[in-house]
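Everything below concerns the one structure shown next.
Rendered as structure tokens:
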């Protein structure tokens, strides 16, 4: 069975500090997809990134960067120079590749990020 | 470009009543999903449609829950004889899938259900 663990329940930083969110996953499949979503106080889940299990290249998008390490089953997310607008709950999620699996997302418990001015 | 919409946004009901939620996916998306999120937790998968076919249901979806997607467009989620434990945010998502899994799912704003 799939499982996603986000060990950090809450992180508080001061604006302009960097913050790294940990995500560790478990799956028996060799082909899978990993995602990060942001849930601001308004409640709507916002898609941030999708990565397949064969692509271990790190990715940077503006102030966001992702570090995928298959050897440690981790897909960590870093926000550089945090801003107050980054305050939200961030979820890591896993999806199996095969249609028979239903394409469902398995989410971690989320990490609440609070960025103070 | 219209995103996923859900109606109503909030629903307060008394225990034992039936409630129905609606989800309108992104227009060209063939796959639609329902998730439930309780306070302080990540969303949990409930069920999944490809076009009008319901292909998977979670064990969380008891007999009191039923979902439909007539004609492969909008979907409804009905909860019969609501219980206080049904209080949660119900999230709908849609994706464009060709084959296999791993689609990017886009979420609606959710329907927050409170059962008194």
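Chains as they are written, first to last, in the working numbering: chain A, 29 to 145; chain B, 2 to 117.
For glycine and all other residues, C-beta sits at the position ideal for the given N, C-alpha and C.
Model, not experiment: these values are computed from the prediction.
Mind checking whether residue i and residue j have CB atoms under 9 Å apart?
i             : j             : result
residue 149/A : residue 51/A  : The structure shown does not extend to residue 149/A, since chain A is modelled only from 29 to 145, so the question has no answer here.
residue 25/B  : residue 74/B  : yes
residue 105/B : residue 96/B  : yes
residue 22/B  : residue 91/B  : yes
residue 62/B  : residue 85/B  : no
residue 30/A  : residue 134/A : yes
residue 49/B  : residue 93/B  : no
residue 84/A  : residue 102/B : no
residue 60/A  : residue 40/A  : no
residue 141/A : residue 43/A  : no
residue 137/A : residue 111/B : no
residue 31/B  : residue 51/B  : yes
residue 53/A  : residue 108/B : no
residue 67/B  : residue 57/B  : no
Which residues does DSSP list as the beta-bridge partners of residue i?
i             : result
residue 140/A : 38/A and 117/A
residue 74/A  : 66/A
residue 88/A  : 93/A
residue 13/B  : 115/B
residue 94/B  : 34/B and 108/B
residue 6/B   : 25/B
residue 54/B  : 51/B
residue 45/A  : Answer is none; residue 45/A lacks a bridge partner.
residue 133/A : 123/A
residue 82/B  : DSSP lists no partner for residue 82/B.
residue 63/B  : The partner list for residue 63/B (beta bridge, DSSP) is empty, contrary to what the question assumes.
residue 79/A  : 62/A
residue 112/A : DSSP, once it has assigned bridges, lists no residue as partnering residue 112/A.
residue 33/A  : 52/A
Put residue i into one of helix, strand or coil per three-state DSSP.
i             : result
residue 87/B  : helix
residue 116/B : strand
residue 39/B  : coil
residue 148/A : This structure cannot settle anything about residue 148/A, because the visible part of chain A is limited to 29 through 145.
residue 72/B  : helix
residue 55/A  : coil
residue 99/B  : coil
Quiz item: Is there contact between the segment 65–79 of chain B and the segment 106–122 of chain A, where contact requires at least three CB pairs shorter than 8 Å?
Solution: Cβ pair count under 8 Å is below three, so no.
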